[in-house]
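First the structure, in the form of structure tokens, and then the observations on it.
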Amino acid sequence: MLTLPLLAVAPPALADWVLPPGAAARLNGGTAALGCSDVINGGTITLAPGGAVVAVRNATTLTTGTLALDDGRLELAADWTSAGQVSASGGGQVLRAPSPGCPLVGLAGPVAWVEPVPAVAPWALVALMASLLAAGAARLRRAAARAAGATHNPSQPRSD
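If you want it as structure tokens, here you go:
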């Protein structure tokens, strides 16, 4: 009788789908329901026409990962993170949708997926700011010289 109360407080077992770099998975025309588990993709996942991975809690494509949505779909309930390559040919989609035991976090519907924005190195930002400051200082010097020249015209004699 002691096991029954312990089972009531035990957390659910999760079996995330983790593809390490170099691994590949292809789903041709079938559906894989993950039961609110996470997908962590460091390899290559291809969802061919009619292929679907559903009931995903969080989906992450690592920098080494590739997700090819070749007319397939990935349905997740919570977070989408993509640092790798994602492509969709033929209408492939990433959708946010609830599943049994996996409540929706955010708005239901298509998830906007884009390539990661390239970062600018700190030294490049410093160089850009220095060149902008130098250009601004030169412009101020020219404006000041023009203003000083407007008060005195050397071609006309002064009448002091």
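Residue numbers (mature numbering (1 follows the signal peptide of the UniProt record, and there is no 0)): -15 to -1, 1 to 145. Glycine included, C-beta positions come from ideal geometry on N, C-alpha and C.
For residue i, count the other beta carbons within 10 Å of its own beta carbon; 16 or more makes it buried, fewer makes it exposed. Which is it?
i      : result
GLY77  : buried
GLY57  : buried
SER72  : exposed
SER1   : The amino acid occupying residue 1 in the given sequence is Asp; Ser does not appear at that position. With fewer than 16 Cβ atoms within 10 Å of its Cβ, ASP1 is classed as exposed.
ASN26  : buried
TRP65  : buried
PRO101 : Only weak support exists for where PRO101 lies, its pLDDT of 48 falling under 50; the value from the coordinates is given anyway. With fewer than 16 Cβ atoms within 10 Å of its Cβ, PRO101 is classed as exposed.
VAL79  : buried
LEU89  : exposed
ALA37  : buried
ALA120 : exposed
Suppose you measure from the CA of residue i to the CA of residue j; what does that come to, to the nearest Å?
i      : j      : result
ARG124 : LEU118 : 10 Å
ALA93  : ARG81  : 5 Å
GLY35  : ALA112 : 50 Å
GLU60  : LEU19  : 10 Å
GLY15  : THR29  : 17 Å
GLY50  : PRO83  : 25 Å
ASP55  : ALA115 : 46 Å
VAL96  : ARG11  : 21 Å
ALA106 : THR45  : 25 Å
ALA53  : SER67  : 12 Å
CYS87  : PRO5   : 25 Å
ALA33  : TRP108 : 43 Å
ASN43  : GLY75  : 24 Å
GLN70  : VAL39  : 20 Å
ALA62  : GLY7   : 27 Å
VAL3   : VAL41  : 12 Å
Would you mind reading off the limits of the beta strand (DSSP E) that contains residue i?
i     : result
THR48 : First-last for THR48: undefined, no H or E at that position.
SER84 : That residue, SER84, is in no beta strand (DSSP E); it is neither H nor E in DSSP.
VAL24 : 16 to 26
TRP65 : 65 to 67
ALA10 : 9 to 12
VAL3  : 2 to 4
With a threshold of 6 Å, establish whether the CB of residue i neighbours any heavy atom of the ligand SAH.
i     : result
ALA63 : This structure simply doesn't include the ligand SAH, nor any ligand for that matter.
On the DSSP bridge assignment, give the partners of residue i in chain order.
i     : result
ARG58 : ALA37, GLN78
VAL71 : LEU52
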